[in-house]
Amino acid sequence: MPFIKAITFDFWETLFGFVSSGVLQKVREERTRRLSELLGISESRVLEVYDRVIERLHAQREATGFEFTVKEMMKSFLEEAGFETEKYLNECERIFVDAIFKHFPGPNPGVEECLKELKSKGLKLAVISNTIHGEVEKRLLKDFGLSPYFDAVALSCELKVRKPRREIFEWVLGRLGTRRAETLHIGDDAKADVYGALKAGLWAAHYVEDRKSPPSRLAHIVVKDFREFPEKLGVINGE
0 MPFIKAITFD
10 FWETLFGFVS
20 SGVLQKVREE
30 RTRRLSELLG
40 ISESRVLEVY
50 DRVIERLHAQ
60 REATGFEFTV
70 KEMMKSFLEE
80 AGFETEKYLN
90 ECERIFVDAI
100 FKHFPGPNPG
110 VEECLKELKS
120 KGLKLAVISN
130 TIHGEVEKRL
140 LKDFGLSPYF
150 DAVALSCELK
160 VRKPRREIFE
170 WVLGRLGTRR
180 AETLHIGDDA
190 KADVYGALKA
200 GLWAAHYVED
210 RKSPPSRLAH
220 IVVKDFREFP
230 EKLGVINGE
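Per numbering that gives the first Met the number 0, the very first residue in the sequence shown carries number 0; after that it's consecutive.
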């Protein structure tokens, strides 16, 4: 009978919500305006170069499973636009992050209650996030008082590898000191989280909330509300 000793959580759309498409468009407009003012070029030129760089970096990421950072992205943007990176890089990076940080929603319903109950049972907890801006995740965890619950935080922009590659899961196992068969990962993405966890030898839970996409048939647990997660975890543990 399996005995789960550790839980790893996806961040966006699992622990925390993400911004809506409408808000993302406003963020894009703010970034474009601020970069245009900083560099003294037209907004259309900013968008032209930025979109070309993003398309290239996303294609590389999808093909390899390796992550890029905001700094690397903005460095490529400046180089392609013909500017000195040393002069503008830090400010461009700050503009990118600041434009979106204030729009992030808080934790999803039931998250803090769930973390508190799991921690009270002696479970080790960790975050595994695909992200290009890890400082945002760290700040949100701190601002909402969730940092103390986690024994490890794995950010793809720091480790340079992203889910579903097994390396990011293995890094966390090493930090937690738990075996694959003792660890369960939960996330909203069927490929990155469910398939990735299974490929790495972990148990997998699919967080679906009110999504229209169907639950993964590969997941050991399907969770619609974090307040039900500890009880469903008990089923795996034979409780």
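Cβ coordinates follow ideal geometry from the N, Cα and C atoms, glycine included.
Could you give the C-beta distance for residue i and residue j, rounded to a whole number, given that I count them as a contact under 8 Å?
i      : j      : result
Asn129 : Ala191 : 6 Å
Arg30  : Phe100 : 12 Å between Cβ atoms; not a contact.
Leu158 : Trp170 : 6 Å
Pro214 : Val221 : 4 Å
Asn107 : Phe225 : 6 Å
Val18  : His132 : The Cβ separation is near 13 Å, so there is no contact.
If you follow the alpha helix (DSSP H) that residue i is part of, which residue opens it and which one closes it?
i      : result
Leu158 : 155-158
Ile235 : 228-235
His219 : That residue, His219, is in no alpha helix (DSSP H); it is neither H nor E in DSSP.
Leu34  : 20-38
Ile239 : Residue 239 is absent from the structure shown; the chain starts at 0 and stops at 238.
Val96  : 84-100
Ala203 : Unbroken run through Ala203 is the beta strand (DSSP E), 202-206; no alpha helix (DSSP H).
Phe168 : 165-175
Leu139 : 133-142
Ala191 : From DSSP, Ala191 is part of no alpha helix (DSSP H); its letter is neither H nor E.
Ala80  : 69-80
Judging by CA-CA distance, which residue of the options is the nearest neighbour of residue i?
i      : options                        : result
Glu83  : Thr63, Val52, Leu38, Phe103    : Leu38
Gly69  : Thr63, His57, Lys118, Glu61    : Note that residue 69 is Val in the sequence shown, not Gly. Cα-wise, what sits closest to Val69 is His57.
Val45  : Glu79, Glu112, Phe2, Gly21     : Glu79
Val48  : Thr63, Val207, Lys74, Tyr206   : Lys74
Glu92  : Phe15, Leu34, Lys223, Gly200   : Leu34
Lys231 : Ser212, Trp202, Asp209         : Trp202
Gly195 : Glu12, Ser19, Gly64            : Gly64
Glu42  : Glu54, Val52, Glu28            : Glu28
Leu145 : Arg179, Val110, Gly133, Glu166 : Val110
Glu166 : Leu139, Lys141, Ala199, Phe17  : Ala199
Per DSSP, residue i is paired with what?
i      : result
Trp106 : The sequence shown places Pro at residue 106, rather than the Trp named in the question. DSSP lists Phe15 as partners of Pro106.
Ala151 : Ala125
Gly186 : His205
Locate the beta strand (DSSP E) running through residue i, then write down its first and last residues.
i      : result
Lys241 : This structure cannot speak to residue 241, because the chain is shown only from 0 to 238.
Ile127 : 123-128
Ala5   : 5-8
Taking 7 Å as the cut-off, does the CB of residue i come closer than this to any heavy atom belonging to the ligand MG?
i     : result
Met72 : The ligand MG is absent from the structure shown, which contains no ligand whatsoever.
Spell out a yes or no on whether the region 159-166 and the region 177-193 are touching, meaning 3 or more CB-CB pairs, one atom from each, closer than 8 Å. Segment contact: the region 159-166 against the region 177-193, three or more CB-CB distances shorter than 8 Å; contact assigned.
Tell me, please, whether the region 6-13 touches the region 119-127 by the rule of three or more beta-carbon pairs shorter than 8 Å. Short answer: they touch.
Whether or not the region 142-154 and the region 170-179 are in contact is what I'm after, with contact meaning three or more pairs of Cβ atoms, one per stretch, closer than 8 Å; do they touch? In short, these stretches touch, since the Cβ pair count reaches three.
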